[in-house]
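Take a look at the structure below.
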Amino acid sequence: MDPELQALREARLAELKRGNNASGQSPNGGAENGKNAAVGSDIASFLEPQALERLSRVSLVRPERAQAVEMYIKQLLGSGQLSHKISEDEIVQILNGIAREQKKKNDVKIIFNRREQNYDNSLRNNSNDDDDEDDDFFD
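Residue 121 in full-length UniProt numbering sits at position 121 of the sequence shown, and the numbers go up by one each step.
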């Protein structure tokens, strides 16, 4: 990878860890970015730099999904199941799992319950019934 690009990435990551978003302020004065950084600072030490960068990019597009990932990681930390730093691939797996859960929750399933009929018997019964009263549509 280009050393210049790597240096820019590391500088950006350091900004994100500090919570200072000097390069791109939001229209509401940076309050939103400060809130996201404060929430992310709890788990930032348990994420690899690429994972933190991925999570920050996801939070720009889908903040509710990023919060769900953060809550999941906090649950892992609280239960003591996290013994290593989370990589970017693991963040992607967590994001995919959360996306599947949200899709499953929002997915609508339509079930048609149809009665089973023996059509042969019903046709035979109707053919034996030659009442003209039923067919008087044009009187």
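Even for Gly, the Cβ is constructed at its ideal location relative to N, Cα and C. Everything numeric in this text was worked out from a predicted model, so none of it was measured.
Asked: C-beta contact flag for lysine 85 and aspartate 42 at 8 Å; Found: no
Asked: Assigned secondary structure, isoleucine 98 (DSSP; H/G/I helix, E/B strand, else coil); Found: helix
Asked: Spatially closest choice to serine 56 from Ile110, Phe112, Ser83 and Ala14, by CA coordinates; Found: Ala14
Asked: Cβ distance (whole Å) where isoleucine 94 is taken to contact arginine 54 below 8 Å; Found: Between arginine 54 and isoleucine 94 the Cβ distance is about 10 Å, and since that is not below 8 Å, they are no contact.
Asked: Start and end residues, alpha helix (DSSP H) containing alanine 51; Found: 49–61
Asked: Buried or exposed by the 16-neighbour rule on C-beta atoms within 10 Å, applied to isoleucine 111; Found: exposed
Asked: Reduced DSSP category for isoleucine 43 - H, G, I as helix; E, B as strand; rest coil; Found: coil
Asked: Lysine 17 versus alanine 99: straight-line alpha-carbon distance, rounded; Found: 26 Å
Asked: Neighbourhood of proline 27 by C-beta distance below 8 Å, restricted to the same chain and skipping five residues each side; Found: Because proline 27 carries a pLDDT of 41, less than 50, the predicted location of this residue cannot be relied on, and the following value inherits that uncertainty. None.
Asked: Secondary structure of isoleucine 91, DSSP reduced to three states; Found: helix
Asked: Residue from Ser79, Ser83 and Pro49 with nearest C-alpha to aspartate 89; Found: Pro49
Asked: Assigned exposure category for valine 69 - 16 Cβ within 10 Å defines buried; Found: buried
Asked: Identity of the residues DSSP links to isoleucine 86 by a beta bridge; Found: Leu47
Asked: C-beta contact flag for serine 59 and alanine 66 at 8 Å; Found: yes
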